[in-house]
Structure formats: structure tokens, C-alpha cells
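Q: Residue numbers (my numbering): -13 to 288.
By construction, the Cβ of each residue, glycine as well, lies at the ideal position given by its N, Cα and C atoms.
The structure that follows is given in the form of C-alpha cells.
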Amino acid sequence: MRGQEKEMARNIKDAAGRRRPGCRWVVLCLILAAIALFFSGRWLTSDELEVTFQHLYSSKIAGGENIRVVVLSDLHNREFGPDNGDLVGQIAVLNPDIIAIAGDMVNADDDNLDIILSLCGKLTQIAPVYYGPGNHESNLMYEKGSPLESRLEEQGVHVLVNRAEEVTVNRTPLLIGGMPTSVEGYEIYGAGFFEEYEKSTAFKLLITHYPSLYYDAIADGAVDLGICGHYHGGQIRLPVVGGLYHGDTGLFPRYNGGMYHLRNGTIFVSRGMGGHNSLPRINNRPELAVIDINGRQETGSQ
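Laid out in C-alpha cells, this is it:
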């Protein structure tokens, strides 16, 4: 099993490190985008956390009830206030029923787990925390042998690696799953789990770090709400167009930030909260997302 985990981590790492051709065009587009944003008065590099609200209706939610999910992703070991006190305080005020973490909260080149363990320890005092690892966690756990998974579980975090847990929230049965594999490793590491997961009649909330899984592999999958990260909102956000670039996809990654309604379900892609490269986040503030899932058509309150 350990050999398979290492192979999965290598597949994830290779996929995340792959770069598309045309780097000069990418650089040119970045420069042009920066100039356009500057002259339009939208040159925004604020590190201030932005709380966004999304609403989703589902007939599977018990009538009249609301389930609030707070989503974090791609923190990359940064802190909002000392010991992430500002971040924890904002989440507490939001009063979530569930906290979903969509991966890359750490850096693969940093073995220090203090930031994420301290944060998760505080979050579990607010609401149940469900953690779907990203490529950085997978690299630490399977390539470097980090005890991250067991340390998170000691904090009371539900770490979901190709598995799901049943839970009832506000009278509604949920099946919360996690599938950390990339598209390249899906057939080997994710397909078996997803085939069984899809069969459930409960409200299915699936944490998948990679939005690209919904391009082809599970584009028609029966997932009530998929939660993703990884693309950092396209790094630079252009008016109307949205995210500009990610190394995995090149220019204009599909599903780069926000809510997307697919054939048989809905996905939310977080813009993330940090970064792991030298490119600044422009017009793209760190995002703390709130998703209210309603059992009736009216939108929930903030």
C-alpha cells in the first residue's frame, strides 16, 4: 500500500509540476493584464481576507433547514493575524455547520506543521472539520513520510483520502468524501472509490483539490456539491474574464473561481488564501468562502 501511495504522490507531483508551452505568451499576457488593471484603476494586491457568500438549493436538504459550509483552501502556511487569530475569529462569527478544507494548506518544501496543526485545532472547536489533501499534503505524506495525516486526526480533523463519512446535519443525511488524486491518477487511485460514492442517495459533498477532475473524469458525476481549490483563482483576476493563468492549464483555466453548475451537480472552486510562487495575486484577494445549502428555494441569510 505504501508503494501505491508513493506512486500516487509522484503522479500528483508530476501533474502539478507540468508546464504548458508558450511561456513567452504567458509572460506577455501577464504584463498586459497588469497594465490594463493599473490604468483601469483596478490594481489590487490587497492581502485582506475577503469573505464571499454562495447559495445552493437542494431538495435533499430537510425542508426549511439550512446547512452552512465554510471553505478554506491553498493557505500555503500563511497566517492572518498572529497564529491565524483573525482567520479563526472570522470563521467563528460565521457559525458554520461544517468546515471543508480543500488542500494545499501546507508547503511541500516545508516540514514545519505547526501552522496548520494549530489552525485546525482551533477550527475543530468551532465545527467539524473535513480535510481533503492537495498535492502539497500528498507530497509531504507519501514522498517525505510526514506524520501530517495522523497529527491532523489527533486534532480531531476528519482526513478524507479516497473515503467518505456519513453524518447527519440539521436533519439531513450527508456523505462527505475526499478524493485527492489528480486527473492522471484518477483511474488507478480514484475511480473505484468514486463509483461506490456516486451510488449514495444522501446529499453528497465531495472535496477534490483538483478542479480539472470535472473537465472529463467526473464531469457527469452525481455530486451534489464538489469543493475544489488548486488554481489560486487564476492568480490574476480580469474583469468579466476571471482567472488568467495556472501552470497546470496555461491561460484562462476553466472553473477558476466561484460556483459552477454541471450536468448532474454543482462545484465550488475556491480562489484560495495564499500562494506558492513568486507571482502576486492581482485583483484577487484571499478568499474565505461560505456556502449556504438550502432546503427551500429562497436564498439563505448571511
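By DSSP's criteria, N52 is part of a beta bridge. Which residues make up the other side?
A: Counting from one through the sequence shown, the residue named residue 52 turns up at place 66. DSSP, once it has assigned bridges, lists N280 as partnering N52.
Q: So the candidates are Q76, L103, V79; which of them puts its Cα closest to the Cα of N63?
A: Taking the first residue of the sequence shown as position 1, residue 63 is located at position 77. Selected option, being the one with the closest Cα: L103.
Q: Straight-line CA distance for A113 to P82?
A: Locating residue 113 in the sequence shown gives position 127, where the first residue counts as 1. Locating residue 82 in the sequence shown gives position 96, where the first residue counts as 1. When rounded, the distance between both Cα atoms is 6 Å.
Q: So, with DSSP's three-state summary, where would you put K46?
A: Residue mapping note: residue 46 aligns to position 60 of the sequence shown, counting from 1. DSSP places K46 in coil when its eight states are reduced to three.
Q: Is there contact between the segment 177 to 189 and the segment 153 to 162, where contact requires at least three CB pairs shorter than 8 Å?
A: yes
Q: Can you have a look at A203 and say buried or exposed, based on whether 16 or more other CB atoms are within 10 angstroms of its CB?
A: In the sequence shown, counting from the first residue as 1, residue 203 sits at position 217. Around the CB of A203, 16 or more other CB atoms lie within 10 Å, so the residue is classed as buried.
Q: Thinking C-alpha only, which one of S32, S59, I277 is nearest L105?
A: As a first step, residue 105 is located in the sequence shown; it is residue number 119 there, counting from the start. The option with the nearest alpha carbon to L105 is S59.
Q: Using the three-state DSSP reduction, which class does H122 fall into: helix, strand or coil?
A: Taking the sequence shown and counting its residues from 1, one reaches residue 122 at position 136. Reduced to three states, the DSSP call for H122 is helix.
Q: May I ask you to report which of helix, strand or coil DSSP gives V143?
A: Taking the sequence shown and counting its residues from 1, the one referred to as residue 143 is at position 157. Three-state result, V143: coil.
Q: Does the segment 70 to 84 come close enough to the segment 42 to 50 that 3 or more CB-CB pairs lie under 8 Å?
A: no
Q: Since G220 and N242 are thought to touch, with beta carbons under 8 Å apart, how far apart are those beta carbons, to the nearest angstrom?
A: Residue 220 sits at position 234 when you count from the first residue of the sequence shown. Residue 242 sits at position 256 when you count from the first residue of the sequence shown. G220 to N242, Cβ: 4 Å. Contact.
Q: My understanding is that L35 touches P225, with C-beta atoms under 8 Å, so please give their C-beta distance in whole angstroms.
A: On the sequence shown, position 49 is the one that residue 35 refers to. On the sequence shown, position 239 is the one that residue 225 refers to. Not confirmed; about 21 Å, so no contact.
Q: With burial defined as no fewer than 16 other Cβ atoms inside 10 Å of the residue's Cβ, what is the status of H262: buried or exposed?
A: The sequence position of residue 262 within the sequence shown is 276, counting from 1. By the neighbour-count rule (16 or more Cβ atoms within 10 Å), H262 is buried.
Q: Identify whether E36 lies in helix, strand or coil by the three-state DSSP scheme.
A: The sequence position of residue 36 within the sequence shown is 50, counting from 1. E36: strand per DSSP, three-state reduction.
Q: Starting from H153 and walking both ways along the beta strand (DSSP E), at which residues does that stretch end?
A: Taking the first residue of the sequence shown as 1, we reach residue 153 at position 167. For clarity, residue 153 is Val in the given sequence; the question names His instead. Where V153 is concerned, the enclosing beta strand (DSSP E) stretches over 149 to 155.
Q: Would you identify the three-state DSSP class for K185, choosing helix, strand or coil?
A: Numbered from 1 along the sequence shown, position 199 holds the residue referred to as residue 185. In the three-state DSSP reduction, K185 falls in the coil class, being neither helix nor strand.
Q: Please check the pair Y117 and I162, which I expect to be a contact at CB under 8 Å, by giving their CB distance rounded to whole angstroms.
A: As a position in the sequence shown, residue 117 is number 131, starting the count at 1. As a position in the sequence shown, residue 162 is number 176, starting the count at 1. Contact between Y117 and I162 does not hold, since the beta-carbon distance rounds to 10 Å and is not under 8 Å.
Q: According to the neighbour-count rule (16 or more other Cβ atoms, all chains shown, within 10 Å of its Cβ), is G27 buried or exposed?
A: Locating residue 27 in the sequence shown gives position 41, where the first residue counts as 1. Low per-residue confidence applies at G27: pLDDT is 47, beneath 50, and the placement is therefore not dependable enough to give any value.
Q: What is the rounded straight-line gap between the Cα of E140 and the Cα of L134?
A: Here residue 140 refers to the residue found at position 154 when the sequence shown is read from its first residue. Here residue 134 refers to the residue found at position 148 when the sequence shown is read from its first residue. Approximately 10 Å, taken between the alpha carbons.
Q: Tell me whether E273 sits in a helix, a strand or coil according to DSSP, three-state version.
A: Numbered from its first residue, the sequence shown carries residue 273 at position 287. If DSSP states are grouped into helix, strand and coil, E273 belongs with the strands.
Q: Just how far apart, CA to CA, sit V57 and L80?
A: The count along the sequence shown starts at 1 and reaches residue 57 at position 71. The count along the sequence shown starts at 1 and reaches residue 80 at position 94. Approximately 11 Å, taken between the alpha carbons.
Q: Write down the C-beta distance between P311 and V153 rounded to the nearest angstrom, noting that I regard them as a contact closer than 8 Å.
A: No answer is possible for residue 311: it lies beyond the span of the chain, which begins at -13 and ends at 288.
Q: Would you report the Cα separation of N270 and G228, rounded to the nearest angstrom?
A: Position 284 of the sequence shown holds residue 270. Position 242 of the sequence shown holds residue 228. Cα to Cα, N270 sits roughly 10 Å from G228.
Q: Beta carbon of D97, beta carbon of S132: below 8 Å?
A: Counting from one through the sequence shown, the residue named residue 97 turns up at place 111. Counting from one through the sequence shown, the residue named residue 132 turns up at place 146. It is a contact, given that the beta carbons lie within the stated cut-off.
Q: Kindly identify the DSSP beta-bridge partner or partners of G164.
A: Residue 164 sits at position 178 when you count from the first residue of the sequence shown. According to DSSP, G164 bridges with R149, I193.
Q: Run the CB neighbour count on A150, radius 10 Å, all protein chains shown included, and call it buried at 16 or more, exposed below.
A: Along the sequence shown, read from residue 1 onward, the residue named residue 150 stands at position 164. Per the 10 Å Cβ criterion, buried.
Q: Give the range of the beta strand (DSSP E) segment to which A113 is assigned.
A: The residue labelled residue 113 in the question sits at position 127 within the sequence shown. Boundaries for A113: no beta strand (DSSP E) harbours it, and the DSSP string shows neither H nor E there.
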